[in-house]
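*Asks:*
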């Protein structure tokens, strides 16, 4: 398959190089704060990109990144667990636990931790997905792609907006925003939101539902300064509190879902604050941008590790994180044939994690079973009996990381049709872990003596400590080459090859397992290799088109891609239920992206997005269980994503009503395999959503419904201590909404 993709790629390149062309210039997209790195609109660049504007986001009921799943082709974020979990899947590239594989920028500021990805949408002007690795310009954690979110600018829009929505499950959403100009050069805005929900699922152990409450706000200052300078300051805060993790028992034989029934507290709360400052000078020949970002995260997760009514294992995890980023970008701004962009990027991330695991009575019994088995295998060994009613294995981890990068990208426009883009990034990153983990085991040691002498029983308390520091360094060159042929202003074809990269790291959740092994008299050597996982890198080849077959009516974007992904960072679980990252030797993915929208008449439009991904292990042997999974599909990657939508406005033009709006969206994903041997899976399923709205001037009354057919499905599967569990999808939800702007 690879040779056919490469043949097609280089054939397309050859055709482009020998095409006859004419001279022209490239027009820039207009922004209040102009794009720092891109010199043209997305549809005019040699990259696969898909965008949603403010109207799309509202009509398709996208309230977070997870709601954009399948609306964008080959883009999927399952909704499960809590807001700490945002596993993004793009073209078979994913990240379930560690650093994100798809980057996120909000108003030019990078979000480096995916624990911050799941925030509520309000004040959003646009959402854009760039498919494939964007490492040359955006570096770390964009091996799968890049998400860019822009919020509304008070220099572009002035007024006040508010929205109030109520639905079943006591679902309440409230949003409000003000945008104003102090004068022609200074604009300010302030926006806020509040959400609450009684929960969709019930834990039968205590009768608690997975209720949630969220609130936050954003303030912005846009300022046109003298000498062609512009400044943009953003401040945001988000709080979330959830009764989380509604994981239900799952019978892998009958594939039936059972009850949610566990005894430990399952909750998550998070405080998140973000500040960003963009300074920009727009010169006649050079545009300079400085972007400074700061992000603060403080959260706490309480979770039942075994998810049963038996007291076995409980985890409390508290994270405290500060991230600082700085980027300087210079790019040409004179619209000549030769265009360039060069920049420097640096970041520091300080993360402190306190994650003690408590072995309840069932966990103590589990360790006792291991000790009894060891006694049976070695009769001369004394009998060891644990006397702890419970045992805490502490985990205190400091995992700072920092990195710097230099990059350059050049584009040469041979004429108004043919252009070639080449880029290179030098990326350095250092990751460190300072760890301390300990546990105390209270036991009695019984030494049997020949009769009639009595056995000797001796109390013995043993404390096991793991303490140390280790680090890794990563250095990588990330090249990109792209060729574009522009038939006219509306139609172009492109081909590209790019390298993606994602640094390695540490499995700090493994320390409780290592301490427990020491308690069982198992020797643990080379702790660094046991807790470390390796960096991941990929080569991405693609051919795509941006076309407008019917001018200003029909828009089509399509691409085919082929990816070789090496050392893919896979999430798995240890025998005691601890989560960890391993590396799969080689994953191969190929497929297509397709997106189309057609405005049939001014009042009626349709849209469709489809993505197909075939992602399988080209080479992967599970060394823990000695199983070869080569040829199997990669778990959790949807093979298909599909979105079909339509919107129609019926003009009324009466004193009491201007129009009635109808919109519907069918969103579907699947097949999704849950495990490496592909024995468990979620079939292809779809959700039907819709709205009907009544509008009079600036007032809108809307009725909405999600999952109208009440489709039953599962979004996540996992195993813990030999048991299987799933997260069920949300049932039908409906309600009403009022919007008003003035």
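Residue numbers (my numbering): 14 to 755. Backbone N, C-alpha and C define an ideal beta-carbon position, used for all residues, glycine too.
(1) Where does residue 108 land, buried or exposed, given buried means 16+ other C-beta within 10 angstroms?
(2) Could you name the residues of the same chain whose beta carbon sits closer than 6 angstroms to that of residue 506, not counting the 5 residues immediately before and after it, in chain order?
(3) Less than 9 angstroms separating the beta-carbons of residue 647 and residue 630?
(4) Hey, residue 619 and residue 683: beta-carbon distance below 9 angstroms or not?
(5) Expressed to the nearest angstrom, what Euclidean distance is found between the alpha-carbon atoms of residue 478 and residue 390?
(6) In whole angstroms, what separates the C-alpha of residue 73 from that of residue 677?
(7) Runs of 4 residues minimum, wholly inside the segment 117 to 187: which ones carry the alpha helix (DSSP H) assignment?
(8) Pull up the distance between the alpha-carbon of residue 364 and that of residue 585, whole angstroms please.
(9) Examine the ligand FAD and report whether any of its heavy atoms sits within less than 8 angstroms of the Cβ of residue 348.
(10) Considering only the beta carbon of each residue, do residue 342 and residue 50 sit closer than 9 angstroms?
(11) Hey, could you find the ends of the beta strand (DSSP E) residue 203 is sitting in?
(12) List the whole-angstrom C-beta distance separating residue 445 from residue 487, where the pair is believed to meet the contact cut-off of C-beta under 8 angstroms.
(13) Check for me: the alpha helix (DSSP H) holding residue 387 runs from which residue to which?
(14) Who are the near neighbours of residue 548 in its chain, counting only those whose CB is closer than 8 angstroms to its CB and skipping five residues on each side?
(15) Is it buried or exposed for residue 485, if we count other Cβ within 10 angstroms and need 16 for buried?
(16) Let me check understanding here. Comparing Cα to Cα, which of 193, 211, 302 lies closest to residue 242?
(17) So residue 527 is in the beta strand (DSSP E); what residue range does that whole segment cover?
(18) What is the C-beta distance between residue 719 and residue 681, in whole angstroms, given that I count them as a contact (C-beta under 8 angstroms)?
(19) Should residue 403 be labelled buried (16 or more other beta-carbon atoms within 10 Å of its own) or exposed?
(20) Quick check on the burial criterion: 16 or more other C-beta atoms within 10 angstroms. Buried or exposed for residue 565?
(21) Along the beta strand (DSSP E) that carries residue 68, what are the first and last residues, could you check?
(22) Between residue 757 and the rest of its own chain, which residues show a CB-CB distance below 6 angstroms, the 5 nearest in sequence each way excluded?
(23) Assign residue 348 to one of three DSSP states: helix, strand, or coil.
(24) On a CA-only basis, which of 291, 306, 474 is nearest residue 300? Give me that one, please.
(25) With three or more beta-carbon pairs closer than 8 angstroms as the criterion, would you say the segment 97 to 114 touches the segment 315 to 322?
(26) Measure the C-alpha to C-alpha separation of residue 146 and residue 738 and round it to an integer number of angstroms.
(27) Measure how close the beta-carbons of residue 600 and residue 105 come, nearest whole angstrom, since I'm counting them as under 8 angstroms.
(28) Please report the residue range of the alpha helix (DSSP H) in which residue 541 lies.
(29) Who are the Cβ neighbours of residue 182 in its own chain at under 8 angstroms, not counting the five residues just before and after it?
(30) Kindly indicate which three-state DSSP category residue 670 falls into: helix, strand or coil?
(31) Kindly indicate which residue of 384, 192, 282, 416 has the alpha-carbon position closest to the one of residue 790.
(32) In angstroms, rounded to a whole number, what distance separates the CA positions of residue 234 and residue 228?
(33) State the CB to CB distance for the pair residue 263 and residue 216, rounded to an integer number of angstroms; the pair is presumed to be in contact (CB under 8 angstroms).
(34) Just the C-alpha distance for residue 526 and residue 223, rounded to the nearest angstrom, thanks.
(35) In the DSSP assignment, find the beta strand (DSSP E) that holds residue 272 and state where it starts and stops.
(36) Please list, in chain order, all residues of the same chain as residue 679 whose beta carbon is under 6 angstroms from its beta carbon, the five residues on each side excluded.
*Replies:* Walking through what the data contain:
(1) Taking all protein chains in view, the Cβ of residue 108 is crowded by 16 or more other Cβ atoms within 10 Å, so the residue is classified as buried.
(2) Counting only Cβ-Cβ distances below 6 angstroms, and skipping sequence neighbours, we find 498, 558.
(3) Taking 9 angstroms as the Cβ cut-off, residue 647 and residue 630 qualify as a contacting pair.
(4) Cβ atoms of residue 619 and residue 683: not closer than 9 angstroms.
(5) Annotation: residue 478 to residue 390 spans about 27 angstroms, alpha carbon to alpha carbon.
(6) Approximately 8 angstroms, taken between the alpha carbons.
(7) Correct list: 148 to 151.
(8) When rounded, the distance between both Cα atoms is 22 angstroms.
(9) What this structure holds is no ligand at all, so the ligand FAD is not there to describe.
(10) Taking 9 angstroms as the Cβ cut-off, residue 342 and residue 50 qualify as a contacting pair.
(11) Counting along the chain, the beta strand (DSSP E) containing residue 203 begins and ends at 199 to 210.
(12) That belief does not hold up - the Cβ atoms of residue 445 and residue 487 are roughly 12 angstroms apart, past 8 angstroms.
(13) Annotation for residue 387: the continuous alpha helix (DSSP H) segment containing it runs 374 to 390.
(14) These residues qualify, in order along the chain: 487, 489, 514, 515, 516, 517, 580.
(15) With 16 or more other Cβ atoms within 10 Å, it is buried.
(16) Distance from the Cα of residue 242 is smallest, within the candidate group 193, 211, 302, for 302.
(17) From DSSP, residue 527 is part of no beta strand (DSSP E) but of the alpha helix (DSSP H) over 524 to 532.
(18) With a Cβ gap of about 14 angstroms, residue 719 and residue 681 do not count as contacting.
(19) Its Cβ having fewer than 16 others within 10 Å, residue 403 is exposed.
(20) By the 16-neighbour rule on beta-carbons within 10 angstroms, residue 565 is exposed.
(21) Where residue 68 is concerned, there is no enclosing beta strand (DSSP E), although the alpha helix (DSSP H) it sits in stretches over 67 to 72.
(22) In the structure displayed, the chain extends from 14 to 755; residue 757 sits before or after that span and is not available.
(23) Coil.
(24) Selected option, being the one with the closest Cα: 291.
(25) Segments in contact, no.
(26) Between residue 146 and residue 738, the C-alpha separation is close to 33 angstroms.
(27) About 7 angstroms separates the beta carbon of residue 600 from that of residue 105, a gap short enough to meet the 8 angstroms contact definition.
(28) For residue 541, the enclosing alpha helix (DSSP H) covers residues 540 to 544.
(29) So the list reads 210, 211, 212, 213, 746, once near-sequence residues are dropped.
(30) For residue 670, the secondary structure class from DSSP, reduced to helix, strand or coil, is coil.
(31) Because residue 790 is not part of the residues shown, which for the chain are 14 to 755, the question remains open.
(32) Their backbone Cα atoms lie some 21 angstroms apart in a straight line.
(33) Their Cβ separation, rounded to whole angstroms, is 15 angstroms, which puts residue 263 and residue 216 out of contact at 8 angstroms.
(34) Near 30 angstroms, if we compare the C-alpha coordinates of residue 223 and residue 526.
(35) No beta strand (DSSP E) holds residue 272; DSSP gives it neither H nor E.
(36) So the qualifying residues of the chain are 657, 699, 701.
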